[in-house]
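A.B. asks: Starting off with a structure, shown below.
Residue numbers (this note's numbering): 1192 to 1453.
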């Protein structure tokens, strides 16, 4: 019997997995993670990788998967969420207040979350966020957060329509990190379901200073070339760096070049 059929074998699957109030989600999570590593280690095309992740989420007792690649203004998502929710997420700029993303940036690498837990924070914007999400069957979940260099981060989430998630074993952090790394390797260059960036508008001076900086010119030389003060150059570069969500001017120049802003 295959791993997939073994996991789905219990006869009460329909009642257990779909009853939002009474179900205890039983997750053979570490075994499923190992199976996911095996699957994603194969040279899969994007469509096959997405299908494997949908199967993984279903086998683990969840409704959806989501991969978020957080790269400042180049952030994007690939998921099995309903398209209407993805569109609303981008339109409402929910990335800014999403408590799952916030916790992934500053909290433990593996964590469970729920709408009920988030509501206890008492923030109206978070309550509204989960009220909207609940309309699409997103009420609780499990997330794994992994840094991918230069303060960038990726988050892999399994989401459920149940009030809370119950896991019968703690996920092995090494296994989870390896599995998520394989997810990143397969979806890092995937067709984007939703671009999470906002429109960026650099001022002419900001773009000019950043372009000269990208070409290797020092700030004093940029000041001389443009006939402005050193502090002005520093200020323009700092503002451009802030707008691009970069860690420093060098990274800002790289992002701006990729986005065609300079």
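Glycine included, every Cβ here is placed at the ideal spot set by N, Cα and C.
Identify the residues that DSSP records as bridge partners of residue 1304: which are they?
C.D. replies: BP columns for residue 1304 point to 1332.
A.B. asks: Looking at the secondary structure, which residues open and close the beta strand (DSSP E) in which residue 1346 lies?
C.D. replies: Unbroken beta strand (DSSP E) run through residue 1346: 1343-1351.
A.B. asks: Buried or exposed for residue 1230, please, with buried defined as at least 16 other CB atoms from any protein chain shown within 10 angstroms of its CB.
C.D. replies: Around the C-beta of residue 1230, 16 or more other C-beta atoms lie within 10 Å, and the residue is accordingly described as buried.
A.B. asks: Closest to residue 1280 by C-alpha separation, out of 1379, 1377, 1320, 1391, would be which residue?
C.D. replies: 1320
A.B. asks: In this structure, how does DSSP classify residue 1327 when only helix, strand and coil are distinguished?
C.D. replies: DSSP places residue 1327 outside both helix and strand once states are collapsed to three, so it counts as coil.
A.B. asks: Bridge partners of residue 1340, per DSSP?
C.D. replies: 1343
A.B. asks: Which partner residues of residue 1356 appear in the DSSP bridge assignment?
C.D. replies: According to DSSP, residue 1356 shares a beta bridge with no other residue.
A.B. asks: How would you call residue 1364, buried or exposed, if buried means at least 16 neighbouring beta carbons within 10 angstroms?
C.D. replies: exposed
A.B. asks: When the Cβ atoms of the segment 1334-1350 are set against those of the segment 1288-1302, are three or more pairs found closer than 8 angstroms?
C.D. replies: yes
A.B. asks: Can you find the residues in the same chain that come closer than 8 angstroms, C-beta to C-beta, to residue 1228, ignoring five residues on each side of it along the sequence?
C.D. replies: Answer for residue 1228: 1366, 1369, 1370, 1373, listed in chain order.
A.B. asks: Can you name, in chain order, every residue of its own chain whose Cβ lies under 8 angstroms from the Cβ of residue 1341, other than the five neighbours on each side?
C.D. replies: Taken in chain order, the residues that qualify are 1438, 1442.
A.B. asks: What residue range is occupied by the uninterrupted beta strand (DSSP E) comprising residue 1138?
C.D. replies: Summary: the structure shown does not reach residue 1138, with the chain confined to residues 1192 through 1453, and so no result is reported for it.
A.B. asks: Please list the terminal residues of the continuous beta strand (DSSP E) segment that includes residue 1244.
C.D. replies: Note, residue 1244: premise wrong, no beta strand (DSSP E); alpha helix (DSSP H) at 1237-1250.
A.B. asks: Does the distance from the CB of residue 1401 to the CB of residue 1431 come in under 8 angstroms?
C.D. replies: Contact flag set, yes.
A.B. asks: Could you give the distance in angstroms between the alpha-carbon of residue 1309 and the alpha-carbon of residue 1290?
C.D. replies: 7 angstroms
A.B. asks: Which of the three DSSP states is assigned to residue 1220 in this structure?
C.D. replies: helix
A.B. asks: Cα-Cα, which of 1453, 1433, 1440 is closest to residue 1264?
C.D. replies: 1433
A.B. asks: Please go through the same chain and pick out, in chain order, the residues whose beta-carbon is closer than 7 angstroms to the beta-carbon of residue 1435, but skip the five residues on each side of it.
C.D. replies: 1263, 1264, 1391, 1443, 1446, 1447
A.B. asks: Using the Cβ count rule (16 or more neighbours within 10 Å means buried), how would you classify residue 1275?
C.D. replies: exposed
A.B. asks: Would you list the one or two residues that DSSP bridges to residue 1454?
C.D. replies: Only positions 1192 to 1453 of the chain appear in this structure, which leaves residue 1454 out of reach.
A.B. asks: Using only the alpha-carbon positions, how far apart do residue 1312 and residue 1327 sit?
C.D. replies: 22 angstroms
A.B. asks: Where does residue 1253 sit, in a helix, a strand or coil, going by DSSP?
C.D. replies: Residue 1253: coil per DSSP, three-state reduction.
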